[in-house]
Amino acid sequence: MSEAHALKPSPARWLVVIFPYVWLTLFFLAPFLIILKISLSDTAIAMPPYTPVFQGFGAIGDFISQLDIENYIFLTDDPLYIDAYLSSLRIAVISTLLLLLVGYPMALCMARASAGIRPTLVMLVILPFWTSFLIRVYAWIGILKPEGLLTLLLQTLGIYGPDDQVQIFRTETAVFIGIVYSYLPFMVLPLYAALEKLDGTLLEAASDLGCPPWKAFWKITFPLSLPGVIAGSMICFIPITGEFVIPDLLGGAETLMIGKTLWTEFFGNRDWPLASAVAVILLLVLVVPIMIFQNQQQKAEGK
Amino acid sequence: MTSNLLRFAAAALASVCLAASAQAQEKVVHVYNWSDYIDESILEDFTKETGIKVVYDVFDGNEILETKLLAGGSGYDVVVPTAPFLARQIAAGVFQKLDKSKLPNISNMWPEVSERLAKYDPGNEYAVNYMWGTTGIGYNVQKVKAALGDVPIDSWDVLFKPENAEKLKGCGINILDASDETFAIAMNYIGKDPDSKETADLEAGGDVYAKIRPFVKTFNSSAYIDELANGDSCISIGWSGDVLQARTRAEEAKNGVEINYVIPKEGTYMWFDNLAIPADAKNVDEAHAFINYLMKPEVIAKASNYVQYANGNLASQSLIDEAVFKNPSVYPDAETMKKLFTISPYGPKEQRVLNRVWTQIKTGS
Numbered sequence: 004m005s006e007a008h009a010l011k012p013s014p015a016r017w018l019v020v021i022f023p024y025v026w027l028t029l030f031f032l033a034p035f036l037i038i039l040k041i042s043l044s045d046t047a048i049a050m051p052p053y054t055p056v057f058q059g060f061g062a063i064g065d066f067i068s069q070l071d072i073e074n075y076i077f078l079t080d081d082p083l084y085i086d087a088y089l090s091s092l093r094i095a096v097i098s099t100l101l102l103l104l105v106g107y108p109m110a111l112c113m114a115r116a117s118a119g120i121r122p123t124l125v126m127l128v129i130l131p132f133w134t135s136f137l138i139r140v141y142a143w144i145g146i147l148k149p150e151g152l153l154t155l156l157l158q159t160l161g162i163y164g165p166d167d168q169v170q171i172f173r174t175e176t177a178v179f180i181g182i183v184y185s186y187l188p189f190m191v192l193p194l195y196a197a198l199e200k201l202d203g204t205l206l207e208a209a210s211d212l213g214c215p216p217w218k219a220f221w222k223i224t225f226p227l228s229l230p231g232v233i234a235g236s237m238i239c240f241i242p243i244t245g246e247f248v249i250p251d252l253l254g255g256a257e258t259l260m261i262g263k264t265l266w267t268e269f270f271g272n273r274d275w276p277l278a279s280a281v282a283v284i285l286l287l288v289l290v291v292p293i294m295i296f297q298n299q300q301q302k303a304e305g306k
Numbered sequence: 009m010t011s012n013l014l015r016f017a018a019a020a021l022a023s024v025c026l027a028a029s030a031q032a033q034e035k036v037v038h039v040y041n042w043s044d045y046i047d048e049s050i051l052e053d054f055t056k057e058t059g060i061k062v063v064y065d066v067f068d069g070n071e072i073l074e075t076k077l078l079a080g081g082s083g084y085d086v087v088v089p090t091a092p093f094l095a096r097q098i099a100a101g102v103f104q105k106l107d108k109s110k111l112p113n114i115s116n117m118w119p120e121v122s123e124r125l126a127k128y129d130p131g132n133e134y135a136v137n138y139m140w141g142t143t144g145i146g147y148n149v150q151k152v153k154a155a156l157g158d159v160p161i162d163s164w165d166v167l168f169k170p171e172n173a174e175k176l177k178g179c180g181i182n183i184l185d186a187s188d189e190t191f192a193i194a195m196n197y198i199g200k201d202p203d204s205k206e207t208a209d210l211e212a213g214g215d216v217y218a219k220i221r222p223f224v225k226t227f228n229s230s231a232y233i234d235e236l237a238n239g240d241s242c243i244s245i246g247w248s249g250d251v252l253q254a255r256t257r258a259e260e261a262k263n264g265v266e267i268n269y270v271i272p273k274e275g276t277y278m279w280f281d282n283l284a285i286p287a288d289a290k291n292v293d294e295a296h297a298f299i300n301y302l303m304k305p306e307v308i309a310k311a312s313n314y315v316q317y318a319n320g321n322l323a324s325q326s327l328i329d330e331a332v333f334k335n336p337s338v339y340p341d342a343e344t345m346k347k348l349f350t351i352s353p354y355g356p357k358e359q360r361v362l363n364r365v366w367t368q369i370k371t372g373s
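Protein chains in written order, with the numbering used here: chain A, 4 to 306; chain B, 9 to 373.
The structure is reproduced here in structure tokens:
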């Protein structure tokens, strides 16, 4: 290893090292800077609908002097945005916990299944991806709506009377159902990857030494699967916070989420600068969990 | 909203098609219209007559159209914005002036509509009317009767009086998610100028909805057609043609649902959907040919028969089916026409107040 480090880097090596940075600059940093710039502008009735517009480096001083943080001040002034961020975080936290609750037993069963059927089980988890995400969420509308399949089932079973209807569609419950259903594979797969690597002899040893199975689970299985729990939770938590499609299709008017607020600002109010400010703040809200995630990953790899 | 997402997908697909068709050197016009808003055979007939291929794409909200236009390079040659949006888009420099020499059929237009449209487009320089209509009350006749008793449904009181709304809660109330129109209607209802842009008036208008908010089930602008038709909701603020479509769908489904549309006696909002050509359109001649074709009396009459909206074409009126033309919900009588109002567009700050109040109402906070 040390010999390899001592070698003078060849151009090919440089390319390999630089490539991720170029990628990030092009597809993350540059778009982010554009959004940041728009968030410092003012709305205008024009094409594009904000001012000032970047006119080249000659007039850059003039351009910068016209930027201000008015939009950010507006965001803190108005409780709507704070409520929307908090409500999104709340929904994301609850959804992630529900996902763990549903996903962990699934992943554990998969990891404990005989090696022969494991690939089939993994395949079954991935299978829903073969259908468009949008169609799958639409299918839930058919199931949950008052005269939908769930009502029909309950009525057929005699649990519901002929006039009773399930009142789930367009409530927050429907949003949770949609989110847990859609994100389940993202939770199960990292958990499965962590649990599958688990050394079975540890549990045998625990059992031999008189440890009951539930205690062995909390003392051995769960701590060792923690990297999977963190990875799965982060992969789910971050996109759920900004989720727009599921609350829009399944949620009611009361379900306030930041993705929807962003949509209204951008399309309804044509307020691109404010929408950009909302997006920048959303990014900051999400960067913190990402950093924690990165930190944990590094620790896990360091072990 | 729901179908906005589908529109995004459709638009993404369409842009792929655009790129592909641009390579073939054939005459083509890219049209971006509202969903369910034309008899598709008109497009085929146009291609047969002129040899110009129509690439047709649809949206279901002015917001989507406007965002595409303001971003520039939309790739469309003919678009159909509603009047207040049109006015703002003209100010933003989105459209080019129509070349009237290429539009001989413009002599067929209805001066009454063109004059009202001139409030948004002075001199009718940028747009010609496609369809117009009103925003009124669509309701399920049996269910509303069961809830309210045998009272005439001819006033906004049916919805805006909290005691009525409370009785209707059980069968489902929908409000259009179109804040500019809903506020104008509410301000008119409480005796204020529907065109007022004062924060106090907007808040007073919003208060009308805040009072009935606990009884409102949904706020949407496209799904309500089906919800009315299959009995999921019983009353909605709705666009005339949409409600009539719900009626047709219920009749076709033979589910015993009878839908009616009424223009309340206090008056209501009159809107115009108009044909315009973006400034950066690539097929300007073809766009003019398409607009000119739609101004043919027999063509636009066919469109009105299909979508059940009134059009702005005077010469077409003798060719429209009686069921549509004699329907006072579609072509109101002169007396009702006088009570219909138009509103001017909101400025950026006013729009912010408006949507802020509207979001508060919708989320019930």
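Ideal placement from N, C-alpha and C gives every residue a C-beta, glycine not left out.
- Contacts with chain A at 8 Å (Cβ-Cβ) include R96 of chain B.
- Taking C-alpha positions only, V251 of chain B is separated from C242 of chain B by approximately 11 Å.
- Among the CB atoms of chain B, none fall inside 8 Å of the CB of E73 of chain A.
- Counting along the chain, W17 of chain A sits inside the alpha helix (DSSP H) bounded by residues P14 to L27.
- Distance from the Cα of A192 of chain B is smallest, within the candidate group B:F349, B:R364 and B:G372, for B:F349.
- Under the Cβ distance rule, Q359 of chain B counts among the residues neighbouring chain A, one pair being separated by less than 8 Å.
- Between the segment 88–105 of chain B and the segment 47–66 of chain B there are fewer than three C-beta pairs closer than 8 Å, too few to call the two in contact.
- The three-state secondary structure of N238 of chain B, taken from DSSP, is coil.
- Closest option to Q168 of chain A, judged by alpha-carbon separation, among A:E199, A:F270, A:L147 and A:T264: A:L147.
- A straight line joining the alpha-carbon of A295 of chain B with that of P51 of chain A spans about 23 Å.
- If you draw a 10 Å sphere on the C-beta of D211 of chain A, you find fewer than 16 other C-beta atoms in it, and that means exposed.
- By the 16-neighbour rule on beta-carbons within 10 angstroms, N321 of chain B is buried.
- Legend: CB atoms of the segment 77–101 of chain B lying less than 7 Å from CB atoms of chain A belong to residues L78, A79, G80, R96, A99, A100 and G101.
- Closest in alpha carbon position to V36 of chain B, among B:Y197, B:K290, B:I233 and B:D107, is B:K290.
- Counting along the chain, M139 of chain B sits inside the beta strand (DSSP E) bounded by residues A135 to N148.
- Close to chain B, meaning a Cβ-Cβ distance shorter than 8 Å, are the following residues of the segment 127–149 of chain A: L137, K148 and P149.
- Distance from V88 of chain B to W118 of chain B at the Cβ level is roughly 18 Å; contact not present, criterion being Cβ atoms closer than 8 Å.
- In this structure, the CA atom of F54 of chain B is about 16 Å from the CA atom of P112 of chain B.
- Secondary structure at A177 of chain A: helix, using DSSP grouped into helix, strand and coil.
- As the crow flies, the alpha-carbon of K222 of chain A is around 11 Å from that of L205 of chain A.
- Linking I76 of chain A to A62 of chain A through their CA atoms gives a straight-line distance of about 27 Å.
- At a cut-off of 8 Å between beta carbons, F269 of chain A contacts chain B.
- Taking a C-beta distance under 8 Å as the contact criterion, P272 of chain B and G144 of chain B qualify as a contact pair.
- Y138 of chain B has its alpha-carbon roughly 14 Å from the corresponding atom of I50 of chain B.
- Secondary structure at V128 of chain A: helix, using DSSP grouped into helix, strand and coil.
- Taking a contact as a CB-CB distance under 8 Å, the pair N363 of chain B and T79 of chain A does not count as one, their CB atoms being some 18 Å apart.
- Annotation for P108 of chain A: no residue places its beta carbon closer than 7 Å to its own, counting only its chain and skipping 5 residues before and after.
- The beta-carbon separation of S244 of chain B and N182 of chain B, rounded to 4 Å, stays under the 8 Å limit for a contact.
- An exposed status is given to T123 of chain A, since fewer than 16 other beta-carbon atoms sit within 10 Å of its beta-carbon.
- The C-alpha of A99 of chain B lies about 21 Å from the C-alpha of V121 of chain B.
- For F280 of chain B, DSSP records a beta bridge to B:W140.
- For M237 of chain A, the three-state secondary structure derived from DSSP is helix.
- Taking a Cβ-Cβ cut-off of 8 Å, the neighbours of P52 of chain A in chain B comprise L78 and A100, given in sequence order.
- One alpha carbon belongs to G254 of chain A, the other to G245 of chain A, and they sit about 15 Å apart.
- By the criterion of at least three beta-carbon pairs nearer than 8 Å, the segment 191–206 of chain A is not in contact with the segment 154–164 of chain A.
- Distance from the CA atom of K347 of chain B to the CA atom of T276 of chain B, rounded to whole angstroms, is 7 Å.
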